[in-house]
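Protein chains in written order, with our numbering: chain A, 6 to 508; chain B, 104 to 583; chain C, 127 to 223.
Here the structure is laid out as structure tokens; the discussion comes afterwards.
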Amino acid sequence: MTWYEALPLLILASSLIPGIIIFNLPEERRGLRTTLNLAGAAIKLVFIGFMLWGVARGEQYEFRYSILPGLELVLHADALAMLFVTLSAALWFLTTVYAVGYLEGSPHRSRFFGFFSLCVTATVGVAMAGNLFTFFFFYELLTLSTYPLVVHRGTQSSMRAGQVYLAYTLTGGAVLLTGVVWLYGLLGRVEFAPGGVASVLVPAYTDQLRMVFLLLIAGVGVKAAVVPLHGWLPQAMVAPAPVSALLHAVAVVKAGAFGVVRVVYEVFGVELAQSLGLLMPLAVMACITIIWGSFRALWQDDLKRRLAFSTISQVSYIVLGVALYGPIGTVGALAHLVHQGLMKITLFFCAGNFAETLGVHKVSEMNGAGRRMPLTMAAFSVGAVGMMGMPLTAGYVSKHYLSEGAAAANVPWAAWVLLLSSALNAAYFLPILYRAWFRSADGTWPHEHVKRRGWKETSVLLLFPPLISGVAVVVVAVFADHSWSPLAWAKLIADRQYLSSVP
Amino acid sequence: MIDPLAWLILLPLTWAAIAFLLGPTRGGRIAQAGIALQLVLALWIATEVAGGSSRQHAAGGWRAPLGIELLADGLSAIMLLLAQAVALPLALYARAYFTDHPAGIRHFWPLAGFLLAAMNALFLSADVFNLYVTLELVGLAAVGLVASDSTAKSVAAALRYLFATLVGSGAYLLGVALLYGTYGTVSLSELAPLVEDAAPYATLLAAGLMVAGLMLKTALFPFHFWLPPAHGGAPSPVSALLSALVIKASFYLVVRLWLGLLMPVAPPAAAQLVGMLGTAAIVWGSVMALRQPRLKMLIAYSTVAQIGYLFLFFPLATHTAPDAAQSALQGAAMQAVSHGLAKAAMFGAAGVVILSTGHDQVARLGGITSRLPLTVFTLALSGVTLMGLPPSGGFIAKWLLIDGAISSGQWWWVIAMIAGGLLTAAYVFKILRHAFLEKEQSATFRRLPRMLEWPAFALALASLAIGLRASDLLRVLGAP
Amino acid sequence: MLFALTGIVLFAGGIAGMILQSHLLRKIMAFNIFGSGAFLVLVGLGQRDGQIDPVPQAMVLTGIVVSVAATALALALARRLLNLTGEMRFPREGPDD
Numbered sequence: 006m007t008w009y010e011a012l013p014l015l016i017l018a019s020s021l022i023p024g025i026i027i028f029n030l031p032e033e034r035r036g037l038r039t040t041l042n043l044a045g046a047a048i049k050l051v052f053i054g055f056m057l058w059g060v061a062r063g064e065q066y067e068f069r070y071s072i073l074p075g076l077e078l079v080l081h082a083d084a085l086a087m088l089f090v091t092l093s094a095a096l097w098f099l100t101t102v103y104a105v106g107y108l109e110g111s112p113h114r115s116r117f118f119g120f121f122s123l124c125v126t127a128t129v130g131v132a133m134a135g136n137l138f139t140f141f142f143f144y145e146l147l148t149l150s151t152y153p154l155v156v157h158r159g160t161q162s163s164m165r166a167g168q169v170y171l172a173y174t175l176t177g178g179a180v181l182l183t184g185v186v187w188l189y190g191l192l193g194r195v196e197f198a199p200g201g202v203a204s205v206l207v208p209a210y211t212d213q214l215r216m217v218f219l220l221l222i223a224g225v226g227v228k229a230a231v232v233p234l235h236g237w238l239p240q241a242m243v244a245p246a247p248v249s250a251l252l253h254a255v256a257v258v259k260a261g262a263f264g265v266v267r268v269v270y271e272v273f274g275v276e277l278a279q280s281l282g283l284l285m286p287l288a289v290m291a292c293i294t295i296i297w298g299s300f301r302a303l304w305q306d307d308l309k310r311r312l313a314f315s316t317i318s319q320v321s322y323i324v325l326g327v328a329l330y331g332p333i334g335t336v337g338a339l340a341h342l343v344h345q346g347l348m349k350i351t352l353f354f355c356a357g358n359f360a361e362t363l364g365v366h367k368v369s370e371m372n373g374a375g376r377r378m379p380l381t382m383a384a385f386s387v388g389a390v391g392m393m394g395m396p397l398t399a400g401y402v403s404k405h406y407l408s409e410g411a412a413a414a415n416v417p418w419a420a421w422v423l424l425l426s427s428a429l430n431a432a433y434f435l436p437i438l439y440r441a442w443f444r445s446a447d448g449t450w451p452h453e454h455v456k457r458r459g460w461k462e463t464s465v466l467l468l469f470p471p472l473i474s475g476v477a478v479v480v481v482a483v484f485a486d487h488s489w490s491p492l493a494w495a496k497l498i499a500d501r502q503y504l505s506s507v508p
Numbered sequence: 104m105i106d107p108l109a110w111l112i113l114l115p116l117t118w119a120a121i122a123f124l125l126g127p128t129r130g131g132r133i134a135q136a137g138i139a140l141q142l143v144l145a146l147w148i149a150t151e152v153a154g155g156s157s158r159q160h161a162a163g164g165w166r167a168p169l170g171i172e173l174l175a176d177g178l179s180a181i182m183l184l185l186a187q188a189v190a191l192p193l194a195l196y197a198r199a200y201f202t203d204h205p206a207g208i209r210h211f212w213p214l215a216g217f218l219l220a221a222m223n224a225l226f227l228s229a230d231v232f233n234l235y236v237t238l239e240l241v242g243l244a245a246v247g248l249v250a251s252d253s254t255a256k257s258v259a260a261a262l263r264y265l266f267a268t269l270v271g272s273g274a275y276l277l278g279v280a281l282l283y284g285t286y287g288t289v290s291l292s293e294l295a296p297l298v299e300d301a302a303p304y305a306t307l308l309a310a311g312l313m314v315a316g317l318m319l320k321t322a323l324f325p326f327h328f329w330l331p332p333a334h335g336g337a338p339s340p341v342s343a344l345l346s347a348l349v350i351k352a353s354f355y356l357v358v359r360l361w362l363g364l365l366m367p368v369a370p371p372a373a374a375q376l377v378g379m380l381g382t383a384a385i386v387w388g389s390v391m392a393l394r395q396p397r398l399k400m401l402i403a404y405s406t407v408a409q410i411g412y413l414f415l416f417f418p419l420a421t422h423t424a425p426d427a428a429q430s431a432l433q434g435a436a437m438q439a440v441s442h443g444l445a446k447a448a449m450f451g452a453a454g455v456v457i458l459s460t461g462h463d464q465v466a467r468l469g470g471i472t473s474r475l476p477l478t479v480f481t482l483a484l485s486g487v488t489l490m491g492l493p494p495s496g497g498f499i500a501k502w503l504l505i506d507g508a509i510s511s512g513q514w515w516w517v518i519a520m521i522a523g524g525l526l527t528a529a530y531v532f533k534i535l536r537h538a539f540l541e542k543e544q545s546a547t548f549r550r551l552p553r554m555l556e557w558p559a560f561a562l563a564l565a566s567l568a569i570g571l572r573a574s575d576l577l578r579v580l581g582a583p
Numbered sequence: 127m128l129f130a131l132t133g134i135v136l137f138a139g140g141i142a143g144m145i146l147q148s149h150l151l152r153k154i155m156a157f158n159i160f161g162s163g164a165f166l167v168l169v170g171l172g173q174r175d176g177q178i179d180p181v182p183q184a185m186v187l188t189g190i191v192v193s194v195a196a197t198a199l200a201l202a203l204a205r206r207l208l209n210l211t212g213e214m215r216f217p218r219e220g221p222d223d
């Protein structure tokens, strides 16, 4: 096995092997478990660094394994894969640090971190999948490894949430499988390639192609929480905050959105999708989701549920960008994949901090939170204004491209939808900011677990991750023109999907 | 001198007899050694068959059609491998189980040995009459095993099973008689070219009888009534053997007959009917499984459902394009193997729960995740195979069957399979949900012998591993 | 041919008896009847141009042996059930079944 074949496997192994070891560790071996966790996350980043360096120099990293004659598991490092893999690994590192702090003293941590590692392994596998079969393989593994995290607390409400989660994701998976097998039957093999591979089937199989598209999008759309397949996400909020952070910024939701990207660009090809008239319905569904998610968020008092509906809305920005025919829309979608991840994880980390430190779960309890926890609240504010699309934040960059892309694709009403969504975002975020900064706390906090010690308003492990991701939200915007920014990357990928080049 | 075919039958017979004489404890050790040897033989045969040749052996030197010939081709080799591969961990499991819970040990090893001998002989038989004999023997040994703990319930279940199996093989025998009367031979290889689609009425009747009889023995809906009491009520090692292996023996026989003999005579409508019954089995079995308060009955009804998947092979392989038919056969083989491994693991895990907590009420499984983590993991892994999710063998089987359905244009079976997967998930996660609950619901958690949990886990792991090595298995199948 | 037809009649009757009778001993007897029916068919159809074909006779002998074993098992189980439940019938379906 050459280094070029081994590296993708090593990236998978860097979370799989620690995960398996952690499962077997007794609860008390805290130090060893934390070391394994962080070492695994760090090693993964190192490997990904190697891979990035190699890909930049034009090297090919690919691993193939034959399952059946004609059916292979393929791990392939292309630009799109690298985008998602880097995002996942970097955010996993932060979430691991956060989770260690958050779950301090809770039971069953070995089980939690074991499944946590499996979850990331599955996500990274989804990212590096080189064909539709491998994508499906790791996609279902993701469902299986996230279920124990959702039901981790073992209470009746987490069980119920887990049941809803499974009902949605397994059904979605079954629909996806049908589409995948169908397409494999038509094409023989479905490797991901910029510009898509399905155009050979036109015109004989046009109707079948449309059905397959519907099945595939429906299948990935469940995880991407596109309306009406979004019902599982708000329910899943009963899970501990690190799980919500991981699910909503990195793993499940992004995997769904990533699936939409892969299907439209690298299975069908955007030109084919446009010619079959598939992009417009997709754009409509995305817009409905954007509005509906933002609207529902207004009425939620529970902070995490408000963020959940915000996620439903924001992930469909990505779907919208994909559905806007034209490189600018694509750039917006791909950039938002990264940017929304950074912003949302910041918000969830902060929400978790408020819950853990002060016992604050509801917006109505957040009066004066800014005074008590200024650093956390600052990070939250950065994330919130990013969601609104304020300049100098990541959200502004992607929203800008998405609006321009809407104009370029002759879908001007999409730009209005984006505008409306920004307004709604403001409507449900600004009150939180107002309460936290400008109102003073009424009485004591619901349950102050952690006392303030100087500038350490809460445990260090809980404090630093949101600060780091908050800073990142600003950095990727300020340095958006730099050749290593997510935006530049997005342009690179978008360039390959179209026959003309990107401005 | 050492012909593996003959030894695969003689070896278990020998250790069964020795076990009978020596008694349970020493008998168990001999059995383990014997099965290990059998596994080696089965692997030997499988590698030879994968290399492209089938093996034949004429018992006593008498050739067909007068003598009994043994034949190992791709399909037989796979079934032989499955039987020995499941039997070995189960032997380890059974030894540990009966050390803790001696009811039923007295006749377990001899009966298990006879069962294995009969099954191996079944997989190796090449004429329809010998298939009848071995089929009966498998049935009788299985019935004996069901009754082995001598409670009123298990004896009643065993009798019900016995009657069902006797009617089934009786119908089969009548079919054999009709075939012999029409064609003058019972050897499969000689009969095959003689049976064409303009066959006399007697052949059609024979075909119908044989298939119906075998459907009864394989507990296909609506002939499944005897299975849940028998599999659910027997001691766990016995349930594992029955659900994993015995069921597959009669299924193998239907497939063998269908492919080798009856397909020219079979109208496509008949194949579709079998498929419908399979779908009904999937739905009915899964719904009933969901309603069971006891874990072992749930698993038994799950077997009823999973058998339905196996029978989807028939509409997909009959009068369809060759690549669709091939996908169907490969899918059915993968399903048989994966289900065998996973079901054995599941019943093993259920046995652990029963020994540890003294009950198997699903609603009272709370808290076992902390006490018996390996067993819960076993249940989860076997559940993954049953649901047909990656990376398991069950997933590969599902893929192949769906592929067969789509390429033969029979997309309605896809709906059946998808629905089946979701229904399976419903009852698998019902078990896991209760297991994950924090509150301990059982009064006691006894300490268990160490070897008890590992064989079941190994079986569950194997059902996953087979998914990654599917191409090896299918290479054995593809041989002539 | 006469043998074969008789065999079929016995077979059908035996199966019906096995399903419809509820007394265990009668079920076992019905089993023997339909088994014999199958054997008769085998022997009856095995006559070719007046010459006796030995192969089906051998098969029937084997079948009889198997049938005896099965009957013995059935009787033993029925007897055990009688000892355990006091009845020669299948017990009523309990709430668990």
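Ideal Cβ positions, reconstructed from N, Cα and C, are used throughout, including at glycine.
- The straight-line gap separating the alpha-carbon atoms of Ser346 (chain B) and Pro239 (chain A) is approximately 41 Å.
- If you check each beta-carbon in the stretch 489-506 of chain B against every beta-carbon of chain A, the ones closer than 7 Å belong to Leu492, Pro493, Pro494, Ile499, Trp502, Ile505 and Asp506.
- For His442 (chain B), same chain residues with a beta-carbon under 6 Å away, outside a window of 5 residues either side, are Gln409 in chain order.
- For Ala175 (chain B), DSSP records a beta bridge to B:Arg158.
- Membership of Phe68 (chain A) in the beta strand (DSSP E) is indicated by the continuous run Glu67 to Leu73.
- The continuous stretches of alpha helix (DSSP H) do not include Val368 (chain A), and DSSP gives it neither H nor E.
- Shown in chain order are the members of the stretch 268-280 of chain B whose Cβ falls below 7 Å from a Cβ of chain C: Leu269, Val270, Gly273, Leu276, Leu277 and Ala280.
- At least one CB of chain C lies nearer than 9 Å to the CB of Arg263 (chain B).
- Taking C-beta atoms as the reference points, Val298 (chain B) and Leu364 (chain B) count as a pair closer than 9 Å.
- Your pair Met392 (chain A) and Gln319 (chain A) checks out as a contact, with CB atoms roughly 7 Å apart and the cut at 8 Å.
- In terms of beta-carbon proximity, Val167 (chain C) lines the interface with chain B, with at least one pair separated by less than 9 Å.
- Taking the C-beta atoms as reference points, Tyr196 (chain B) is found no nearer than 9 Å to Pro371 (chain B).
- Only those residues of the stretch 243-258 of chain B whose C-beta falls short of 9 Å from the nearest C-beta of chain C are listed: Leu243, Val246, Gly247, Ala250, Ser253, Thr254, Ala255, Lys256 and Val258.
- When 9 Å is used as the limit between beta carbons, Leu571 (chain B) is near these residues of chain A: Tyr70, Ile72 and Leu78, in chain order.
- Asn136 (chain A) counts as buried, since at least 16 other C-beta atoms from the protein chains shown sit within 10 angstroms of its C-beta.
- Of the candidates B:Gly524, B:Val249, B:Leu468 and B:Ala221, the residue whose Cα lies closest to the Cα of Pro493 (chain B) is B:Gly524.
- Sixteen is the threshold: since fewer than 16 other Cβ atoms of the shown chains lie within 10 Å of the Cβ of Arg394 (chain B), the residue is exposed.
- Here Ser111 (chain A) is exposed: its Cβ has fewer than 16 other Cβ atoms, across all protein chains shown, within 10 Å.
- Taking each of A:Phe121, A:Gln65, A:Thr176 and A:Ala132 in turn and checking the Cα distance to Ala529 (chain B), the smallest one comes out for A:Thr176.
- In this structure Ala573 (chain B) does not touch Leu14 (chain A) by the C-beta definition: roughly 19 Å separates them, more than the 8 Å allowed.
- Taking the beta carbon of Leu525 (chain B) as reference, the chain A residues within 7 Å of it are Leu175, Thr176 and Ala179, listed in sequence order.
- Taken in chain order, the whole alpha helix (DSSP H) runs of length 4 or more contained in the stretch 399-462 of chain B are 416-420 and 425-460.
- Looking only at B:Tyr200, B:Leu178 and B:Asp463, the smallest Cα-Cα distance to Phe354 (chain B) is reached by B:Leu178.
- Within 7 Å of the CB of Leu482 (chain B), no CB atom of chain A is found; the nearest one sits about 13 Å away.
- Membership of Glu109 (chain A) in any beta strand (DSSP E) is not indicated, and neither H nor E is assigned to it by DSSP.
- In this chain, the beta strand (DSSP E) harbouring Glu77 (chain A) covers Leu76 to His81.
- With respect to chain B, the C-beta atom of Gly139 (chain C) has no partner C-beta closer than 9 Å.
- Selection A:Leu472, A:Leu78 and A:Arg311 evaluated against Phe143 (chain A) yields A:Leu78 as nearest (Cα-Cα).
- Counting the other CB atoms within 10 Å of its CB gives Asn209 (chain C) a total below 16, which places it among the exposed residues.
- In terms of Cβ geometry, Ala403 (chain B) and Ser342 (chain B) form a close pair [threshold 9 Å].
- By the criterion of a C-beta distance shorter than 6 Å, Gln433 (chain B) is surrounded in its chain by Leu503 and Leu577, once the five residues flanking it on both sides are discounted.
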